[in-house]
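Chemist:
2 protein chains.
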Amino acid sequence: MNVAAAHPTTVPAARRGPNAGFGRLEAIGVIRHLSPRESLVFEGDAADCFHRVLRGTIATYKATADGRRQIIAFFYPGDLVGFTAGERFAYGAEAIDRSSVCSVPRAKLGVLGDEEPALREGLLSALRREVEAAQERQLWLGRKTARERLACFLLECAGRTGQAGPDGGLSVPLPMSQLEVADYLGLAPETVSRTLAQLARTGAIEVVPPFAGVVVRDRHAIEAAAGESAPLPGGSA
Amino acid sequence: MNVAAAHPTTVPAARRGPNAGFGRLEAIGVIRHLSPRESLVFEGDAADCFHRVLRGTIATYKATADGRRQIIAFFYPGDLVGFTAGERFAYGAEAIDRSSVCSVPRAKLGVLGDEEPALREGLLSALRREVEAAQERQLWLGRKTARERLACFLLECAGRTGQAGPDGGLSVPLPMSQLEVADYLGLAPETVSRTLAQLARTGAIEVVPPFAGVVVRDRHAIEAAAGESAPLPGGSA
DNA sequence: CGACTGCTTGAGTCTGCTCAATAAAGGTGG
DNA sequence: CCACCTTTATTGAGCAGACTCAAGCAGTCG
């Protein structure tokens with residue numbers, strides 16, 4: 002089977018619960034199409050617009066003066082980029098693959114969506130998920146090995162865009178390059194390649210040839226390699 | 002001079018702008034006193050309360066099954082711990098030093114502080130600052146060296162609790178131990194000690210003997226060592 | 001005054017990075 | 001349609017920053 006075909010290239014209508022209530026945004030905003038590598042926002046820009054991903058994948062990132070780059074998050078169709086920003090964007094954003102977004106001026110939402118409680122709810126949810134994701138990644142980047150980070154990343158992607166395959170495998174499309182995975186996980190690209198190869202050698206995953214995605218063959222092995230966090234000392238209720 | 006005396010041990014009334022409007026919380030909540038190392042919340046707890054720090058310092062953290070720990074953030078008097086959580090806390094929180102908090106049940110705020118726009122504003126601000134801080138730390142942890150992380154950390158602390166000294170130095174109290182700094186910066190405690198010693202050797206900082214804080218002697222040197230992020234390719238407007 | 005906790009310092013190791021060369025895939029234009 | 005060129009991934013060798021293990025020291029608290 003072709004993993005690339007499993008990409009969710011369009012917005013799954015109302016799939017992401019917390020974003021409900023944003024459906025009418027398309028009516029207000031402007032559609033914009035982006036090629037791979039094309040910038041959507043620059044760090045420091047006035048944050049007068051936010052962007053709903055309609056198709057493709059967007060990455061937000063921060064960079065140091067000497068060119069090192071850290072990808073903060075990946076955004077898929079249905080996600081909101083820059084919704085959580087303050088006055089100015091604290092990060093840049095660019096397209097990973099061929100993407101479309103709907104850009105909505107903040108002003109059009111009233112000061113803070115005062116009228117629309119569902120929208121306010123949605124904003125809070127988006128913010129909360131973004132906080133929790135960023136904090137989780139602090140653990141990844143601060144305390145996990147390359148192998149663990151990769152495993153965590155694959156599980157995250159599996160949870161977002163994974164599709165159960167007919168042969169029992171979990172097919173996970175990966176629209177980003179290995180360089181971008183490296184910039185997300187705080188690793189060198191060579192380390193990503195090597196670690197992926199190592200996971201593949203054990204049979205836990207299978208890499209789809211032109212690095213279009215992976216198939217998770219042994220989910221337990223990946224979960225074990227991810228070195229899960231320890232939520233409850235006594236086990237879950 | 003005694004750096005420890007510069008600790009902001011009580012809430013600076015209305016010092017933190019975005020938290021304005023929380024003043025009356027103390028009337029609703031319950032005061033709780035914590036000893037060093039005492040837990041305030043556990044990862045996985047139902048998030049039915051949030052906590053305003055009145056005195057001391059609180060750290061939030063995540064841990065792996067094998068005991069590695071990543072400190073997510075430090076909270077000083079005036080800050081709100083757990084305000085941004087969802088249903089359950091995704092992290093634990095414990096006191097760094099002798100601390101007091103005011104614990105406020107979420108239920109007492111209405112569903113989301115619907116009545117009080119200032120409070121809603123405050124919640125959004127708190128969330129936004131937490132997002133931006135967590136994302137900034139992704140850059141630190143993913144792409145910066147031990148030396149850079151330490152320098153960034155010192156600048157962050159200086160911005161929060163630093164006091165200009167009479168001799169031109171910037172006095173920065175550090176209530177946390179080096180182990181806790183290490184857990185915050187994703188380093189080993191030995192590395193923190195060594196790197197701090199190295200910065201002191203160059204004259205950029207001076208460590209106050211019982212590790213109660215540092216005095217920044219050469220701010221430019223620390224800023225240079227921090228390897229600032231690159232916001233604008235062309236310089237700021 | 002003694003035990004403990006936290007910091008310092010040293011020696012050796014290792015994970016992951018750098019540099020480099022090769023290979024494969026995809027896009028472009030003739 | 002094919003040849004070329006660019007981009008991305010793979011693989012190897014060597015290096016180094018940060019970790020681990022370990023011993024010693026100082027300040028604190030009981």
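Chains A and B, in that order, are what the protein sequence lines are.
Using this note's numbering, the letters of the first sequence map in sequence onto residues 2 to 238.
Using this note's numbering, the letters of the second sequence map in sequence onto residues 2 to 238.
Think of the CB as a built atom: it goes at the ideal place given N, C-alpha and C, for glycine as much as any other residue.
Please read all numbers here as calculations on a predicted model, not as lab measurements.
According to DSSP, is residue 5 of chain B part of a helix, a strand, or is it coil?
Modeler: Working through the second sequence from its first residue, we reach residue 5 of chain B at position 4. Bear in mind that the predicted position of residue 5 of chain B carries a pLDDT of just 41, short of 50, making it too unreliable to give a figure here.
Chemist: For the segment 144 to 212 of chain B, list the alpha helix (DSSP H) runs that are entirely contained and at least 4 residues long, ordered along the chain.
Modeler: Segments of the alpha helix (DSSP H) lying fully in the segment 144 to 212 of chain B: 147 to 162, 179 to 186, 190 to 202.
Chemist: How would you label residue 218 of chain B, buried or exposed, when you count the other beta carbons within 10 angstroms and need 16 or more for buried?
Modeler: Residue numbering aside, residue 218 of chain B sits at position 217 when the second sequence is read from its first letter. By the neighbour-count rule (16 or more Cβ atoms within 10 Å), residue 218 of chain B is buried.
Chemist: Pop quiz: residue 75 of chain A and residue 48 of chain A are said to be a contact at Cβ under 8 angstroms. What is the actual Cβ separation, rounded to whole angstroms?
Modeler: Residue numbering aside, residue 75 of chain A sits at position 74 when the first sequence is read from its first letter. Residue numbering aside, residue 48 of chain A sits at position 47 when the first sequence is read from its first letter. Actually they are not in contact, since the Cβ atoms of residue 75 of chain A and residue 48 of chain A sit about 19 angstroms apart, beyond 8 angstroms.
Chemist: Using CA coordinates, which residue listed in A:109, A:99, A:70 is at the minimum distance from residue 183 of chain A?
Modeler: Numbered from 1 along the first sequence, position 182 holds the residue referred to as residue 183 of chain A. Per the Cα distances, A:70.
Chemist: Which residues, in chain order, does the segment 123 to 135 of chain A contribute to contact with chain B at a C-beta distance below 9 angstroms?
Modeler: The segment 123 to 135 of chain A vs chain B, Cβ under 9 angstroms: 124, 125, 126, 128, 129, 130, 131, 132, 133, 134, 135.
Chemist: Taking only three categories from DSSP, how would you classify residue 129 of chain A?
Modeler: On the first sequence, residue 129 of chain A is found 128 positions in, with the first residue counted as 1. Note: residue 129 of chain A maps to helix in three-state DSSP.
Chemist: Interface residues of chain B around residue 48 of chain A at Cβ under 8 angstroms?
Modeler: Here residue 48 of chain A refers to the residue found at position 47 when the first sequence is read from its first residue. The contacting residues do not exist; residue 48 of chain A stays about 10 angstroms from chain B at best.
Chemist: In chain order, what are the residue ranges of uninterrupted beta strand (DSSP E) at least 3 long that sit wholly in the segment 67 to 127 of chain B?
Modeler: Qualifying beta strand (DSSP E) stretches, in chain order: 70 to 76, 93 to 96, 100 to 106.
Chemist: Spatial neighbours of residue 82 of chain B within its chain, please: CB distance less than 6 angstroms, with the 5 preceding and 5 following residues excluded, ordered by chain position.
Modeler: Walking along the second sequence from the start, residue 82 of chain B turns up at place 81. Closer than 6 angstroms at Cβ, skipping near neighbours: 52, 59, 76, 94.
Chemist: For chain B, is any of its Cβ atoms less than 8 angstroms away from the one on residue 243 of chain A?
Modeler: Look at the range of chain A in this structure, 2 to 238, and you will see that residue 243 of chain A is not part of it.
Chemist: Spatial neighbours of residue 141 of chain B within its chain, please: C-beta separation below 6 angstroms, excluding the five flanking residues on both sides.
Modeler: On the second sequence, position 140 is the one that residue 141 of chain B refers to. If we look at residue 141 of chain B and ignore the five residues flanking it on each side, its Cβ neighbours are 150, 153.
Chemist: Inspect the beta-carbon positions of residue 96 of chain B and residue 180 of chain B and report whether they are closer than 8 angstroms.
Modeler: The residue labelled residue 96 of chain B in the question sits at position 95 within the second sequence. The residue labelled residue 180 of chain B in the question sits at position 179 within the second sequence. Against a cut-off of 8 angstroms, the Cβ pair of residue 180 of chain B and residue 96 of chain B comes out as no contact.
Chemist: Taking just the CA atoms, how far does residue 32 of chain A sit from residue 1 of chain A?
Modeler: As displayed, chain A neither begins before 2 nor continues past 238, which places residue 1 of chain A out of reach and without an answer.
Chemist: Could you check whether residue 148 of chain B and residue 198 of chain B sit closer than 8 angstroms to each other, using their CB atoms as the reference points?
Modeler: If you number the second sequence from 1, residue 198 of chain B lands on position 197. If you number the second sequence from 1, residue 148 of chain B lands on position 147. No, these two residues do not count as a Cβ contact at 8 angstroms.
Chemist: Is residue 218 of chain A helix, strand or coil when you go by DSSP?
Modeler: As a working mapping, residue 218 of chain A is identified with position 217 in the first sequence. Residue 218 of chain A falls in the coil class under three-state DSSP.
Chemist: Tell me, to the nearest whole angstrom, how far the beta carbon of residue 173 of chain B is from that of residue 189 of chain B; I am working on the premise that it is less than 8 angstroms.
Modeler: Locating residue 173 of chain B in the second sequence gives position 172, counting from the first residue. Locating residue 189 of chain B in the second sequence gives position 188, counting from the first residue. Actually they do not touch by this definition, with Cβ atoms about 22 angstroms apart.
Chemist: Go ahead and pull the three-state DSSP assignment for residue 64 of chain A.
Modeler: On the first sequence, residue 64 of chain A is found 63 positions in, with the first residue counted as 1. Strand, per DSSP.
Chemist: Applying a beta-carbon distance threshold of less than 7 angstroms, which residues of chain B neighbour residue 170 of chain A?
Modeler: Position 169 of the first sequence, counted from the start, is the residue given in the question as residue 170 of chain A. Those do not exist, as residue 170 of chain A stays about 26 angstroms from chain B at its closest Cβ, beyond 7 angstroms.
Chemist: Checking the sheet assignment: what are the DSSP bridge partners for residue 40 of chain B?
Modeler: Taking the second sequence and counting its residues from 1, one reaches residue 40 of chain B at position 39. According to DSSP, which records beta bridges pairwise, residue 40 of chain B is partnered with B:95.
Chemist: Rounded to whole angstroms, what's the CA-CA distance from residue 127 of chain B to residue 132 of chain A? Just pull it up for me.
Modeler: Residue mapping note: residue 127 of chain B aligns to position 126 of the second sequence, counting from 1. Residue mapping note: residue 132 of chain A aligns to position 131 of the first sequence, counting from 1. Using only the alpha carbons, I get a separation of about 11 angstroms.
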